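Data block below; observations after.
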Amino acid sequence: MFRGKWLQYVEQSMLQAVARAGAVPLILPGGLAAAGGGDPSLEALEICHGLLLTGGQDLAPSSYGERELRPEWAGDPERDAYELGLLAQARQLGLPVLGVCRGCQLLAVGSGGRLYQDIQEQLPGALLHRSQELYDRLEHGIERVPGTGLAQIFGEELRGEVNSVHHQAIRDPGELRVAARAPDAVIEAVENTGDRFELGVQWHPEWWSKGPEPVFAAFVAAAKERALAG
312 MFRGKWLQYV EQSMLQAVAR AGAVPLILPG GLAAAGGGDP SLEALEICHG LLLTGGQDLA
372 PSSYGERELR PEWAGDPERD AYELGLLAQA RQLGLPVLGV CRGCQLLAVG SGGRLYQDIQ
432 EQLPGALLHR SQELYDRLEH GIERVPGTGL AQIFGEELRG EVNSVHHQAI RDPGELRVAA
492 RAPDAVIEAV ENTGDRFELG VQWHPEWWSK GPEPVFAAFV AAAKERALAG
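What follows is the structure, given as structure tokens:
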């Protein structure tokens, strides 16, 4: 909100990552549903070839059947409801889906899963996964699960380093399978078990600056395949 006006925006690096991978990003704003009518953003998905769920504010515990442990962890239930609707529509249309950070957690919640509301409070002894001082410079290792789609994206190279800016984490992935974990066993990636591309990563691959980014490349490749399929 700015001077009493609600804003909707997306970080430029996210759009650039999509464009560098060879696709044109289209922003679908929320809150457009008229009383008693449909949501034009949901309808707009029919002309899209993939859905990218971005980072942002915490998911509301009420979105996965819990109450917030602290008032500041109440999240954004309106955004949750809108994006869960987008996810359901994308799945119905058979679109590839990529979830980043919050988007990764939303994939789990949209698959019947649950979250840890705060890693430090609910997982004593866990690694530091968010630092106000380091922000996007905080990194830790991950171990990709052999045989998963994520492992294939990285040529079955199972170990990697990722940035980390989250204080919540997936507790139960629901119908999804775990594709990567941190050394403290915190879930760092999830994916579906079928043929359709659906991947959630807890880190921010759009901040990658060491050459072509494999996660976005795989997502856009799946979107192009969906476009050719009609």
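Numbering follows my numbering, in which position 35 of the sequence shown is assigned residue number 346; successive positions increment by one, without gaps.
In this text, a Cβ means the ideal position worked out from N, Cα and C, and glycines have one as well.
What you are looking at is a predicted structure, and each value in this text was computed from that prediction instead of being measured.
Shortest Cα-Cα distance from Gln416 to any of Glu517, Leu539 and Pro484 involves Pro484. Pairing Leu438 with Ala540, the inter-Cα distance amounts to about 43 Å. The beta carbon of Leu409 is closer than 6 Å to those of Leu363, Leu510 and Phe530 in its chain, skipping five residues each way along the sequence. Look at Ala534 here: in three-state DSSP terms it is helix.
In this structure, the alpha-carbon of Ala462 lies about 9 Å from that of Arg470.
For Arg402, the uninterrupted alpha helix (DSSP H) run begins and ends at Pro388 to Leu404, by DSSP.
The residues Leu406, Pro407 and Ala534, in chain order, have a CB closer than 6 Å to that of Gly361 in the same chain once the five nearest residues on each side in sequence are set aside. According to the DSSP assignment, Val335 belongs to no beta strand (DSSP E), since it is labelled neither H nor E. Residue pairing from DSSP places Arg425 in a beta bridge opposite Asp483. Here the C-alpha atom of Val497 lies approximately 21 Å from the C-alpha atom of Arg381. Scanning its chain for C-beta atoms nearer than 6 Å, with the 5 sequence neighbours on each side dropped, one finds around Ala500 the residues Leu461, Ala490, Ala491 and Val512, in chain order. In chain order, Leu364 and Thr365 place their CB closer than 6 Å to the CB of Gly414, counting only its own chain and leaving out the 5 sequence neighbours on each side.
Per DSSP, reduced to three states, the secondary structure at Arg488 is strand. In the three-state DSSP reduction, Arg455 falls in the strand class (E or B).
Gly376 and Glu394 have their alpha carbons spaced roughly 17 Å apart. Distance between Leu370 and Glu354, taken at the CA atoms: about 24 Å. Counting every other CB atom within 10 Å of its CB across the protein chains shown gives Trp317 a total below 16, marking it as exposed. 8 Å or more divides the Cβ of Pro336 from the Cβ of Leu343. Per DSSP, the unbroken beta strand (DSSP E) holding Leu362 starts and ends at Leu362 to Leu364.
In this structure, Pro372 is the residue among His440, Pro372 and Ser324 with its C-alpha nearest to the C-alpha of Glu389. Per the DSSP secondary-structure output, Arg470 pairs in a beta bridge with Glu454. Note on geometry: alpha-carbon atoms of Trp518 and Met325 lie some 8 Å from one another.
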